[in-house]
Each structure stands twice: as C-alpha cells, then as structure tokens.
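Peer 1: Just add 219 to the spot in the sequence shown (first one is 1) and you have the numbering used here. One structure coming up, written as structure tokens, with questions to follow.
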Amino acid sequence: MLRLHRMTENDQIGYFAPQTWQFWRALIVCFCMFSIVGHWLEIPYCFFMDRFFGIVADDYAVLSDPWYHPYWVYGIGAVAMTLAIEPLKEHFIMASRTLWGALAKSFVAVVLIALAMELVIGLLVNQPDAAGEYPYWDNSQLPLNVMGQAWLVNDLFIGAVAMLYVWLLYPLICWGFMRLRPRVANGVFAAVVVGFALCCVVSYAQVVPSWDA
C-alpha cells in the first residue's frame with residue numbers, strides 16, 4: 220500500500236514502465252483528469268498572483284469558464300512530468316541515501332528545468348518590439364525575474380506542483396489501478412476517457428457559437 224505518512228523507496232519506484240499498457244492507461248487518465256483539475260487549481264493561483272503581484276487581468280478567462288472546461292496545457296503538463304520527471308525522480312531515489320535527499324534534488328532539478336524552458340521560449344518568441352514592449356508577457360518589473368522572461372516565483376510554484384504530482388498523485392493513481400482487477404481497471408479507464416470527451420464536447424459546443432458571433 221502507498222503509505223502517505225511513511226513513504227519508502229518501494230512506494231516510489233517502478234511506476235515508469237512505458238513498455239506496459241498499465242503505464243499508458245495511467246498516463247491517459249492523468250492527462251484527462253488534470254486537464255480539468257488544472258483549470259480548478261489555476262483559480263486560487265490567479266487570486267494569489269493578483270493579490271500580491273497584480274498581474275492577472277479582470278477579464279481573464281479562467282475566472283469565467285465553466286468548471287468542466289478543459290485546460291489542455293495542464294493535461295499535457297502532467298504527461299510531460301510523467302515522461303521526463305518521473306524517471307529522473309526514480310534515478311535520484313536510487314542514487315541518494317534518503318528519500319528526503321532525492322526529494323530535494325528533484326525539486327531543484329524541476330525548478331531549474333522550468334526556469335530554463337521559460338527563458339529559452341521567451342528569448343525565442345517573446346522579444347520586445349521597437350517600443351520595448353513584449354508581445355506575450357513582461358516579467359521585467361517583477362522581483363526575481365530572469366532577463367525579463369523567466370520568473371523564479373512562478374518556477375518555484377511549478378516545482379512545488381511537479382513534486383506533488385510525481386511524488387504523490389501519479390503514484391497514487393498507479394497504485395489505485397494496480398489494486399483493481401484488469402477488467403475493472405479498464406472499465407474505470409474507459410469511464411474517465413468518455414467523461415473527459417463529454418466535457419470537451421459540451422464545453423466547446425458553448426464556445427463555438429460565441430466565435431461565430
């Protein structure tokens with residue numbers, strides 16, 4: 220059993236198995252679930268960032284979109300974290316003396332990866348125009364920004380979310396499927412996929428008319 224109060228090495232090893240259907244089943248479920256859950260989590264995040272940094276527009280869509288509207292970026296993020304950070308986490312566990320040491324190494328690595336990606340993408344697509352204005356985002360006035368593109372505060376938040384996902388949520392989902400009989404597990408998988416598809420259909424059926432108008 221996955222012990223939340225006393226994690227051991229065995230609780231965190233073996234979930235990265237891309238040669239198995241069980242791995243891809245859990246990965247697809249994570250994509251569907253976190254495309255929706257990520258939308259919910261962005262709401263308190265926006266309130267926090269607006270309260271302390273004043274960077275969220277009043278008409279930002281996350282505050283008005285229906286709860287079932289999928290935010291694909293979070294589902295894709297869950298897939299990316301599983302494919303990139305989960306094997307890195309397992310490597311750190313095997314190479315470290317303690318789980319706390321592996322956890323600390325994972326967190327630092329994820330923050331640095333997030334910062335590097337944000338910086339590289341910004342330098343490629345978010346260059347200021349002749350008037351010095353950035354086309355997509357401008358972090359130059361924020362504390363702990365890097366070259367006006369990356370923002371360490373945001374990267375620390377991404378690191379915390381990634382740790383919660385790869386150390387707790389993803390292993391818990393995998394463990395839950397492992398406890399089910401194969402036919403039941405596949406039934407749960409099918410129900411999640413169908414439910415997510417319905418969320419997409421209903422959500423975008425509402426969005427398309429507004430585009431036409």
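Beta carbons: idealized from backbone N, C-alpha and C, even for Gly.
Within its chain, find whatever has a CB closer than 7 Å to the CB of Leu363; leave out the 5 residues flanking it on each side and keep chain order.
Peer 2: Counting only Cβ-Cβ distances below 7 Å, and skipping sequence neighbours, we find Trp370, Leu371 and Val372.
Peer 1: Between the alpha carbons of Gly196 and Ser359, how many angstroms are there, rounded?
Peer 2: Nothing can be reported for residue 196: it is not among the residues displayed for the chain, which extend from 220 to 432.
Peer 1: Under 8 Å by Cβ, that's how I've got Cys418 and Tyr287 pegged, so tell me the actual separation to the nearest angstrom.
Peer 2: Going by Cβ atoms, the distance from Cys418 to Tyr287 rounds to 4 Å, so yes, they are a contact pair.
Peer 1: Using the Cβ count rule (16 or more neighbours within 10 Å means buried), how would you classify Val420?
Peer 2: Result: exposed.
Peer 1: Answer with buried or exposed for Gly351, where buried requires no fewer than 16 other C-beta atoms within 10 angstroms of its C-beta.
Peer 2: Per the 10 Å Cβ criterion, exposed.
Peer 1: Could you compute how far the alpha carbon of Leu260 sits from the alpha carbon of Ile247?
Peer 2: Whole-angstrom Cα-Cα distance: 20 Å.
Peer 1: Using beta-carbon positions only, say whether Asp374 and Leu334 come within less than 8 Å of one another.
Peer 2: Their beta carbons are under 8 Å apart, which means Asp374 touches Leu334 by this criterion.
Peer 1: Would you mind working out which of Val339, Phe242 and Trp386 sits nearest Val365, comparing C-alpha positions?
Peer 2: Val365 has its Cα closest to that of Val339, out of Val339, Phe242 and Trp386.
Peer 1: Exposed or buried, Ile232, counting other C-beta atoms within 10 Å across all chains shown (16 or more means buried)?
Peer 2: Exposed, by the Cβ-count rule.
Peer 1: Beta-carbon within less than 6 Å of Phe326's beta-carbon, same chain only, minus the 5 sequence neighbours each way: which residues are those?
Peer 2: So the list reads Gly378 and Met382, once near-sequence residues are dropped.
Peer 1: May I ask which residues mark the beginning and end of the alpha helix (DSSP H) holding Arg244?
Peer 2: Segment Trp240 to Phe272, the alpha helix (DSSP H) holding Arg244.
Peer 1: Pick out the complete alpha helix (DSSP H) segments inside the region 337–413, 4 residues or longer, and give them in chain order.
Peer 2: With a minimum length of 4 residues, the continuous alpha helix (DSSP H) runs that stay inside the region 337–413 are 371–383 and 389–397.
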